[in-house]
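**Q**
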Amino acid sequence: MSNTNNVMNEGLPSNVICSDPYGCTFEEIVELLGEKSGRAFFRTLYKEKPKIQNQTIKVNSIENGGDTKKYAFELNDGYCIETVSITRKTGTTVCVSTMVGCPIGCTFCESGSNGFIRNLSASEIVQQVILMKDKINRIVFMGMGEPLLNYDTLIKAIHILRDRNGLDFPTDGITISTVGPLKELKKLREEHIKIQLTLSLHATTQAVRDRLIPNMKGQDIGKIVESVLSYSERHNRKITIAYLLIPGVNDKSSDVRQLGRWFRDKNVLINLLQYNETKCGKIVRPNKQQLVAFKLRLEQSGLEVKIRESRGGRIKAACGQLVSEHNKKSKAKNQHQSPNSHDGTTVVEQFHVKKCKTCLQKESCALRASGKHCQ
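Take the sequence shown: its letters are residues 32 to 406, numbered as in the working numbering.
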């Protein structure tokens, strides 16, 4: 019998350890079990990956697209999330979700088509990595949801994944992809985790960005750029700028000039993206010639640029395509509602309210934004 099963039979607090052990940090487990038992429990949990009683996430289906696999995970409350693994010669990357649904409402992304339903717990985030069948060498938080709006839980999950007593995942192998909520960017700058950062920028003017990412209105694009560059300088990390090229929208000479002003002579890589087909609306997809021409113009402005190859489109696993149809039915049964962006505050601002009056959850209650009761 494994150490984990022995620990679980010792009458320890089931609500803390036995029911959801992947949501506990090494320090929390040691505090509950003591140094020797806690260290053995944590090591067994991540090195041997035993089957845990009452696991909070399970594999519903796996779609295989060659070098890309899409996992549909079912959660305890019936909702589903999608997670993607991409295998290259250099190893396997797992694209992890942080929310059920998404509140941001990018016009080119399906993840928010059902609205925001709830944040994932640290355990639900960690288990997406644990349940992968392939050996993972890179984790990117760019699945369903805006990672930084589930901030405390995200940081906790990263600490669990990085802990040398468990998976010991390297810092350089973890990337957060974000649209750049300012308050959270500033908090991230002060963290001592030194992970990689990708900013989903997609525009050089406030007007165009507000149109493409409507629920980020009120978040100044210039200040967002300043914040990610400040993060780069503080942590000595190269920042990646994700730029979805849309002909006639963000490919003008003025866009080239502004990108040059912001990022020339900075530790920045610009990734040019093509639109992946979704049900969101009519976005023009650039052809290869347009991508190459825009890349050349940026390089002539002194910028480092790559065209990012899209993977997983055949199984709807590419960037912007992650959405679970199952959630449409489940959402109707759930008491939580999506944040309302029409009450005088922006969606991002609503995520900064301290907690819901009834359930007292700081990070997982969608209604805490308005201070209403969730039950």
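A virtual CB, placed ideally from N, CA and C, is assigned to each residue, including glycine. Remember, predicted model here, so these are calculated numbers, not experimental data.
Given that a residue counts as buried once 16 or more other Cβ atoms are within 10 Å of its Cβ, and exposed if not, what is Lys120?
**A** Indexing the sequence shown from 1 puts residue 120 at position 89. Label assigned to Lys120: exposed.
**Q** Would DSSP call Tyr182 helix, strand or coil?
**A** Taking the first residue of the sequence shown as 1, we reach residue 182 at position 151. The answer is helix: DSSP assigns Tyr182 an H, G or I state.
**Q** By how many angstroms is the C-alpha of Phe325 removed from the C-alpha of Asp51?
**A** By 1-based counting over the sequence shown, the position of residue 51 is 20. By 1-based counting over the sequence shown, the position of residue 325 is 294. Asp51 and Phe325: Cα-Cα distance of roughly 48 Å.
**Q** Quick check: the region 211 to 229 against the region 268 to 276, are at least 3 beta-carbon pairs closer than 8 Å?
**A** Enough Cβ pairs lie closer than 8 Å, so yes.
**Q** Do you know whose CA, among Ser208, Arg288, Tyr274 and Ile156, lies nearest Thr184's CA?
**A** The sequence position of residue 184 within the sequence shown is 153, counting from 1. The candidate whose alpha carbon is nearest that of Thr184 is Ile156.
**Q** For Ser261, which option in Asp98, Gly333, Leu213 and Thr87 has the closest C-alpha, if you only look at C-alpha atoms?
**A** The residue labelled residue 261 in the question sits at position 230 within the sequence shown. Minimum Cα distance to Ser261 is reached at Leu213.
**Q** CA-CA distance, Lys248 and Ile167?
**A** As a first step, residue 248 is located in the sequence shown; it is residue number 217 there, counting from the start. As a first step, residue 167 is located in the sequence shown; it is residue number 136 there, counting from the start. The alpha-carbon atoms of Lys248 and Ile167 are separated by roughly 36 Å.
**Q** Extract the residue ranges of the beta strand (DSSP E) inside the region 56 to 104, only unbroken runs of 3 or more that lie entirely within it.
**A** Those beta strand (DSSP E) runs which fall completely within the region 56 to 104 and span 3+ residues are 88 to 95.
**Q** If we require 4 or more residues per run, which alpha helix (DSSP H) segments fall completely within the region 249 to 335?
**A** As far as the region 249 to 335 is concerned, its whole alpha helix (DSSP H) runs of at least 4 residues are 252 to 266, 284 to 294 and 319 to 331.
**Q** Figure out for me which residue from Leu243, Leu216 and Thr75 has the closest Cα to the Cα of Val256.
**A** For this step, residue 256 is matched to residue 225 along the sequence shown. Residue Leu216 is the option with its Cα nearest to Val256.
**Q** Do the region 232 to 251 and the region 115 to 130 touch if we need at least three Cβ pairs shorter than 8 Å?
**A** As far as the Cβ criterion goes, the region 232 to 251 does not touch the region 115 to 130, which means the pair count is below three.
**Q** Who are the Cβ neighbours of Lys297 in its own chain at under 8 Å, not counting the five residues just before and after it?
**A** Here residue 297 refers to the residue found at position 266 of the sequence shown. Within the same chain, Lys297 has close Cβ partners Leu260, Ser263 and Ile270.
**Q** If contacts are defined as beta-carbon pairs under 8 Å, then Ser332 and Gly279 qualify, I think. What distance do you get, rounded to the angstrom?
**A** To locate residue 332, count along the sequence shown from 1; it is residue 301. To locate residue 279, count along the sequence shown from 1; it is residue 248. That pair is no contact at about 20 Å.
**Q** Start and end of the alpha helix (DSSP H) containing Ile161?
**A** Start at 1 with the first residue of the sequence shown, and residue 161 comes out as number 130. Looking at the DSSP string, the run of the alpha helix (DSSP H) that includes Ile161 is Ala153 to Ile161.
**Q** Applying the 10 Å Cβ sphere with the 16-neighbour rule, what's the burial state of Val323?
**A** Your numbering for residue 323 matches position 292 in the sequence shown. Classification for Val323: exposed.
**Q** Starting from Glu221 and walking both ways along the alpha helix (DSSP H), at which residues does that stretch end?
**A** As a working note, residue 221 is residue 190 in the sequence shown. Element bounds for Glu221: Leu213 to Glu221.
**Q** Could you say which of Asn281, Asn318, Leu198 and Arg316 lies nearest to Thr75 if we only look at CA atoms?
**A** Your numbering for residue 75 matches position 44 in the sequence shown. Among Asn281, Asn318, Leu198 and Arg316, the Cα nearest to that of Thr75 is on Leu198.
**Q** Give the secondary structure of Val127 by DSSP, where H, G and I count as helix, E and B as strand, and everything else as coil.
**A** As a first step, residue 127 is located in the sequence shown; it is residue number 96 there, counting from the start. The answer is coil: DSSP assigns Val127 none of H, G, I, E or B.
**Q** Can you tell me which of the three DSSP states Asp51 falls into?
**A** Looking up residue 51 in the sequence shown gives position 20. Coil.
**Q** Locate the beta strand (DSSP E) running through Leu230, then write down its first and last residues.
**A** Within the sequence shown, residue 230 is the residue found at index 199, counting from 1. Note, Leu230: beta strand (DSSP E), Gln227 to Ser231.
**Q** State the Cα-Cα distance for the pair Tyr274 and Ile301, rounded to the nearest angstrom.
**A** Mapped onto the sequence shown, residue 274 falls at position 243. Mapped onto the sequence shown, residue 301 falls at position 270. Distance between the alpha carbons of Tyr274 and Ile301: 7 Å.
**Q** With distance defined between alpha-carbon atoms, name the residue in Ser154, Val160 and Ile135 nearest to Ile148.
**A** The count along the sequence shown starts at 1 and reaches residue 148 at position 117. With distances taken between Cα atoms, Ile148 lies closest to Ile135.
**Q** Which residues in the same chain have their Cβ closer than 7 Å to the Cβ of Asn196, if we skip the five residues on either side of it in sequence?
**A** Locating residue 196 in the sequence shown gives position 165, where the first residue counts as 1. Same-chain partners within the cutoff: Phe57, Arg70, Phe73 and Arg74.
**Q** Decide if Lys187 is buried, meaning its Cβ has at least 16 other Cβ atoms within 10 Å, or exposed.
**A** Within the sequence shown, the letter at position 156 stands for residue 187. Lys187 comes out buried.
**Q** Have a look at Arg169 and Thr206 and give me their C-alpha separation to the nearest angstrom.
**A** Residue 169 sits at position 138 when you count from the first residue of the sequence shown. Residue 206 sits at position 175 when you count from the first residue of the sequence shown. Their backbone Cα atoms lie some 8 Å apart in a straight line.
**Q** Which one of Gly176, Gly97, Ile252 and Gln158 has the shortest CA to CA distance from Asn145?
**A** As a position in the sequence shown, residue 145 is number 114, starting the count at 1. Selected option, being the one with the closest Cα: Gly176.
**Q** If Ser116 sits next to Gly174, beta carbons under 8 Å apart, how far is it from one beta carbon to the other, in whole angstroms?
**A** The sequence position of residue 116 within the sequence shown is 85, counting from 1. The sequence position of residue 174 within the sequence shown is 143, counting from 1. Not quite, the Cβ-Cβ distance comes to about 11 Å (not below 8 Å), so this is no contact.
**Q** With 16 as the cutoff for other CB atoms within 10 Å, does Leu303 come out buried or exposed?
**A** Mapped onto the sequence shown, residue 303 falls at position 272. Label assigned to Leu303: buried.
**Q** Mapping DSSP to helix, strand and coil, what is Thr202?
**A** For this step, residue 202 is matched to residue 171 along the sequence shown. Helix.
**Q** Could you give the distance in angstroms between the alpha-carbon of Pro201 and the alpha-carbon of Thr138?
**A** For this step, residue 201 is matched to residue 170 along the sequence shown. For this step, residue 138 is matched to residue 107 along the sequence shown. The alpha-carbon atoms of Pro201 and Thr138 are separated by roughly 34 Å.
**Q** Using the C-alpha atoms, what's the distance from Cys133 back to Tyr182?
**A** Mapped onto the sequence shown, residue 182 falls at position 151. Mapped onto the sequence shown, residue 133 falls at position 102. Roughly 14 Å between the two C-alpha positions.
**Q** Which same chain residues end up closer than 7 Å to Val90 when comparing Cβ atoms and leaving out the 5 residues on each side of it in sequence?
**A** In the sequence shown, residue 90 corresponds to position 59, counting from 1. Tyr102, Phe104 and Leu162, listed in sequence order.
**Q** Do you know whose CA, among Glu141, Ser152 and Lys67, lies nearest Asp108's CA?
**A** Within the sequence shown, residue 108 is the residue found at index 77, counting from 1. Of Glu141, Ser152 and Lys67, the residue nearest in Cα terms is Ser152.
**Q** Taking all protein chains shown into account, decide if Gly65 is buried (16 or more other Cβ within 10 angstroms of its Cβ) or exposed.
**A** For the purposes of this step, residue 65 is taken as the residue at position 34 of the sequence shown. By the 10 Å Cβ count, Gly65 comes out exposed.
**Q** When every heavy atom of the ligand GTP is checked, does at least one fall within less than 6 Å of the C-beta of Asn246?
**A** This structure simply doesn't include the ligand GTP, nor any ligand for that matter.
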